[in-house]
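A.B. asks: First residue of the sequence shown: 0, per numbering that gives the first Met the number 0; consecutive thereafter. Supplied in structure tokens, the structure appears directly below.
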Amino acid sequence: MVTLKHCPPPALNGLVSIRMGSGAFVKRQRRLAHLERAVLEVRQSENAPVEWSICLAGSSVQSDESRFCISVEHDTMGRIRLYLSSTHKFAVWKSAVNACARWVVSTHYVLQAQPFARGVFAAVYSAQPRGSTRCVAVKHISASCARSVPHMVAREVGVCHVVEHHNIIRVHDVFESAEGVHIVMDRMAYSLQAVLDEMAPLKESDAAYIMYQLLSAVAYLHGINIVHRDVKPDNVLVSEMSSRPSSVKLCDFGLANFTSRRVQRISAKWVTCESWSTAHKEDKRFSSPMDLTQALSQGGVDLKQGEHRMSPIDGQTLTSAIGAPSFTAPEVVQRRAYGAPVDVWACGISMFYMLTGALPFGGDKAADVLQRVAVDEVDVTRLMCAPLSSDAANLLRRLLNKDPRQRMTADSALRHAWFAAHNVALSPA
């Protein structure tokens, strides 16, 4: 479990009197309040549904000890007054509410004005912890994006709290507020995609060095029952523009999912902000540039429907068709239940890309690419002009086996002779 540098205050429950607004005729209402991770939820009674909830992060807070009153100025809800019944309760709630109000990224980090990278759902800023010259990256997912794809935000935030590996981007802090989510992580200079754009094809020795680290990250995830589902060079960060960077780290867990209820429960407890409260429910209406089901239907691709009878958790299978088309495994395109082998396939495509500077399945449209993924075999002989060693060709064939049951696992791939031949000896996955 990752320990964050700045955690929200402990959860707090209790009866409070609440007055909303500032009119003379506004009466206090006795309510049961629950405060957790800066979110205040209000109910009429313990078993009653939530009447309303707000995120207190970034709010202005004042207190009046003579009346045991805590006043919160919220951007959308206006003024909310909480009245406590004793000096002790007032002190406890005052401390918690103030801590929640300060639980925003700007309290602890100074962000640059402009992002250095943008994605479909997020912008990434360079930042420095207050009082430090160390550089970090802050990924900001706006509240509007968080509401449009709550399941993606939840998975990314949840997975951030349970993964800790030297080849996975390290998360230092997560802040949830009315502005959205801020994820503070290691600052890495480039993506593997940027390196390949400049330097591909790579020498086998350099490709082996990078592949070992990528497979180490994937093997670790599979060992704790997490499937990344979006492994590709864009989501692999490197420390410098080099064909042999000193550090390689897998990032971006927005599409990750769990094949274990235990891991899902551990991660789920971290996501409570009302903007994405439905986060851990699979959104079947999910529609983004990476929605393969949409690409299939629009492209008129006639593929075998497959069956969806298996559970998405505990049975180690998933069914949602998402990911980057060029790196998508055949079983996903064919809409079959799938699991960890989809990440191994994506690693194989990445290895092919590193050694050739091209992708094995091309096409002008996503549907064309997906058709080829579903039908065509990977032509490893195309690599012989490199020339490609027999060990590399063997590993590629085993990573890119169209049958997921016969596909090599990430853990077994780490022990392949190709890595030993190039003296790749890193710490164990």
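C-beta atoms are modelled at their ideal positions from N, C-alpha and C, and glycine is treated no differently.
Please determine, among V368, G338 and A420, the residue with the shortest C-alpha to C-alpha distance to I225.
C.D. replies: Here residue 225 is taken as the residue at index 226 of the sequence shown, counted from 1. That would be G338, whose Cα lies nearest to the Cα of I225.
A.B. asks: For a test of the three-state rule: what should DSSP assign to N234, helix, strand or coil?
C.D. replies: Working through the sequence shown from its first residue, we reach residue 234 at position 235. N234 falls in the helix class under three-state DSSP.
A.B. asks: Could you spell out the range, first to last residue, of the beta strand (DSSP E) harbouring F120?
C.D. replies: Mapped onto the sequence shown, residue 120 falls at position 121. Per DSSP, F120 belongs to no beta strand (DSSP E) and is neither H nor E.
A.B. asks: If you compare alpha carbons, which of K4, N46, K93 and Q28 is closest to L34?
C.D. replies: Position 35 of the sequence shown, counting from 1, holds the residue named residue 34. Cα-wise, what sits closest to L34 is K93.
A.B. asks: Going by DSSP, what residue range makes up the alpha helix (DSSP H) through N393?
C.D. replies: For the purposes of this step, residue 393 is identified with residue 394 of the sequence shown, where counting begins at 1. Counting along the chain, the alpha helix (DSSP H) containing N393 begins and ends at S389 to L398.
A.B. asks: Look up Q61 in the DSSP assignment and give the residues it is bridged to.
C.D. replies: Within the sequence shown, numbered from 1, the residue matching residue 61 stands at position 62. Answer by DSSP bridge pairing, in chain order: S70.
A.B. asks: I'd like the span of the alpha helix (DSSP H) that includes E223, first residue to last.
C.D. replies: As a first step, residue 223 must be located in the sequence shown, where it is residue number 224. Rather than Glu, the amino acid found at residue 223 in this sequence is Ile. Unbroken run through I223: none, as it is neither H nor E.
A.B. asks: Considering only DSSP beta bridges, list what F174 is partnered with.
C.D. replies: By 1-based counting over the sequence shown, the position of residue 174 is 175. Answer by DSSP bridge pairing, in chain order: H181.
A.B. asks: Taking only the alpha-carbon atoms, compute the straight-line gap between E45 and C68 and give it to the nearest angstrom.
C.D. replies: Here residue 45 corresponds to residue number 46 of the sequence shown, with the count starting at 1. Here residue 68 corresponds to residue number 69 of the sequence shown, with the count starting at 1. Computed Cα separation, rounded: 23 Å.
A.B. asks: In its own chain, which residues sit with a C-beta less than 6 Å from the C-beta of F326, not counting the 5 before and 5 after it?
C.D. replies: Sequence index remark: in the sequence shown, residue 326 carries index 327 (1-based). The answer, listed in chain order, is K231, A345 and I348.
A.B. asks: Check whether the Cβ atoms of I167 and L254 sit closer than 7 Å, and answer yes or no.
C.D. replies: Mapped onto the sequence shown, residue 167 falls at position 168. Mapped onto the sequence shown, residue 254 falls at position 255. No, the Cβ-Cβ distance between I167 and L254 is not below 7 Å.
A.B. asks: Among the candidates H221, V217, L354 and L213, whose CA atom is the shortest distance from the CA of V504?
C.D. replies: In the structure as shown, the chain starts at 0 and stops at 428, and residue 504 therefore has no counterpart that could be examined.
A.B. asks: Report all residues from its chain with a CB closer than 7 Å to the CB of M350; omit the five preceding and five following residues, and keep chain order.
C.D. replies: Taking the first residue of the sequence shown as position 1, residue 350 is located at position 351. The residues are A206, M210, L395 and L398.
A.B. asks: Counting C-beta neighbours from all protein chains within 10 Å, is the total for S242 16 or more, i.e. buried, or is it exposed?
C.D. replies: The residue given as residue 242 occupies position 243 in the sequence shown. Looking at its Cβ environment, which holds 16 or more other Cβ atoms inside 10 Å, S242 is buried.
A.B. asks: Per DSSP, P200 is paired with what?
C.D. replies: By one-based count along the sequence shown, residue 200 stands at place 201. For P200, which the question treats as bridged, DSSP gives no partner whatsoever.
A.B. asks: Can you tell me whether T271 is helix, strand or coil according to DSSP?
C.D. replies: Within the sequence shown, the letter at position 272 stands for residue 271. Annotation note: pLDDT 43 at T271 (below 50); position unreliable, no value reported.
A.B. asks: If you count every other CB in all the chains shown that lies within 10 Å of the CB of A218, and 16 or more means buried, which is it?
C.D. replies: Position 219 of the sequence shown, counted from the first residue, corresponds to residue 218. A218 is buried by the Cβ-count criterion.
A.B. asks: Hey, how far is the Cα of V372 from the Cα of L354?
C.D. replies: The count along the sequence shown starts at 1 and reaches residue 372 at position 373. The count along the sequence shown starts at 1 and reaches residue 354 at position 355. Using only the alpha carbons, I get a separation of about 19 Å.
A.B. asks: Is S296 buried or exposed, if buried means 16 or more other CB atoms sit within 10 Å of its CB?
C.D. replies: Translated into positions along the sequence shown, residue 296 becomes position 297. Here the model assigns S296 a pLDDT of 38, short of 50, so the residue's position is not dependable, and the following value carries that caveat. By the 10 Å Cβ count, S296 comes out exposed.
A.B. asks: Name the DSSP bridge partner or partners of E40?
C.D. replies: The residue labelled residue 40 in the question sits at position 41 within the sequence shown. Partner(s): H33 and S52.
A.B. asks: Going by the DSSP bridge assignment, what does H227 pair with across the sheet?
C.D. replies: For this step, residue 227 is matched to residue 228 along the sequence shown. According to DSSP, which records beta bridges pairwise, H227 is partnered with nothing at all.
A.B. asks: When DSSP builds the beta bridges, which residues end up paired with I209?
C.D. replies: Working through the sequence shown from its first residue, we reach residue 209 at position 210. Answer is none; I209 lacks a bridge partner.
A.B. asks: Once DSSP output is grouped into helix, strand and coil, what is the label at H421?
C.D. replies: Residue numbering aside, residue 421 sits at position 422 when the sequence shown is read from its first letter. Correct three-state label for H421: coil.
A.B. asks: Am I right that R101 and R18 are in contact with their C-beta atoms under 8 Å? What's the rounded C-beta distance?
C.D. replies: Position 102 of the sequence shown, counted from the first residue, corresponds to residue 101. Position 19 of the sequence shown, counted from the first residue, corresponds to residue 18. With 8 Å as the limit, R101 and R18 do not qualify as a contact, their Cβ atoms being about 23 Å apart.
A.B. asks: Are there three or more Cβ pairs, one per stretch, closer than 8 Å when the segment 139-150 is compared with the segment 169-188?
C.D. replies: Enough Cβ pairs lie closer than 8 Å, so yes.
A.B. asks: Using the C-alpha atoms, what's the distance from D251 back to D172?
C.D. replies: Within the sequence shown, the letter at position 173 stands for residue 172. Within the sequence shown, the letter at position 252 stands for residue 251. Taking the straight line joining both Cα atoms gives about 15 Å.
A.B. asks: Excluding the 5 residues preceding and the 5 following W51 in the sequence, name in chain order all residues of the same chain whose CB lies nearer than 7 Å to its CB.
C.D. replies: In the sequence shown, the residue the question calls residue 51 occupies position 52. Correct list, in chain order: V41.
A.B. asks: Give me the residue from D375, Q405, P386 and D367 with the minimum Cα distance to V341.
C.D. replies: The residue given as residue 341 occupies position 342 in the sequence shown. Considering only alpha carbons, the answer is Q405.
A.B. asks: Can you give me the C-alpha to C-alpha distance between S286 and D63, rounded to a whole angstrom?
C.D. replies: Residue mapping note: residue 286 aligns to position 287 of the sequence shown, counting from 1. Residue mapping note: residue 63 aligns to position 64 of the sequence shown, counting from 1. A caution first: S286 carries a pLDDT of 30, below 50, which makes its placement in the model unreliable, though a value can still be read off. If I take the Cα positions, the gap works out to 48 Å.
A.B. asks: With a CB to CB cut of under 6 Å and the five nearest residues on each side skipped, what residues in its chain are close to N97?
C.D. replies: Stepping through the sequence shown from its first residue, residue 97 is reached at position 98. Closer than 6 Å at Cβ, skipping near neighbours: V60.
A.B. asks: From S388 to M151, what distance separates their C-alpha atoms?
C.D. replies: Locating residue 388 in the sequence shown gives position 389, where the first residue counts as 1. Locating residue 151 in the sequence shown gives position 152, where the first residue counts as 1. Cα to Cα, the separation comes out at about 40 Å.
A.B. asks: Using a 10 Å radius around the Cβ and a threshold of 16 neighbouring Cβ atoms, would you call E330 buried or exposed?
C.D. replies: For the purposes of this step, residue 330 is identified with residue 331 of the sequence shown, where counting begins at 1. The residue is buried, with at least 16 neighbouring Cβ atoms inside 10 Å.
A.B. asks: Alpha carbon to alpha carbon, how far is H87 from L39? Give it in angstroms, no decimals.
C.D. replies: On the sequence shown, position 40 is the one that residue 39 refers to. On the sequence shown, position 88 is the one that residue 87 refers to. The straight-line gap from Cα to Cα measures roughly 20 Å.
A.B. asks: For the beta strand (DSSP E) that V247 lies in, which residues bound it at each end?
C.D. replies: Here residue 247 is taken as the residue at index 248 of the sequence shown, counted from 1. V247 to L249 is the extent of the beta strand (DSSP E) around V247.
A.B. asks: What residues in its chain sit with their C-beta under 6 Å from that of S70, if we drop five residues either side in the sequence?
C.D. replies: Translated into positions along the sequence shown, residue 70 becomes position 71. If we look at S70 and ignore the five residues flanking it on each side, its Cβ neighbours are Q61 and R80.
A.B. asks: What number of angstroms, rounded off, separates the C-alpha of L31 from the C-alpha of M184?
C.D. replies: Start at 1 with the first residue of the sequence shown, and residue 31 comes out as number 32. Start at 1 with the first residue of the sequence shown, and residue 184 comes out as number 185. About 36 Å.
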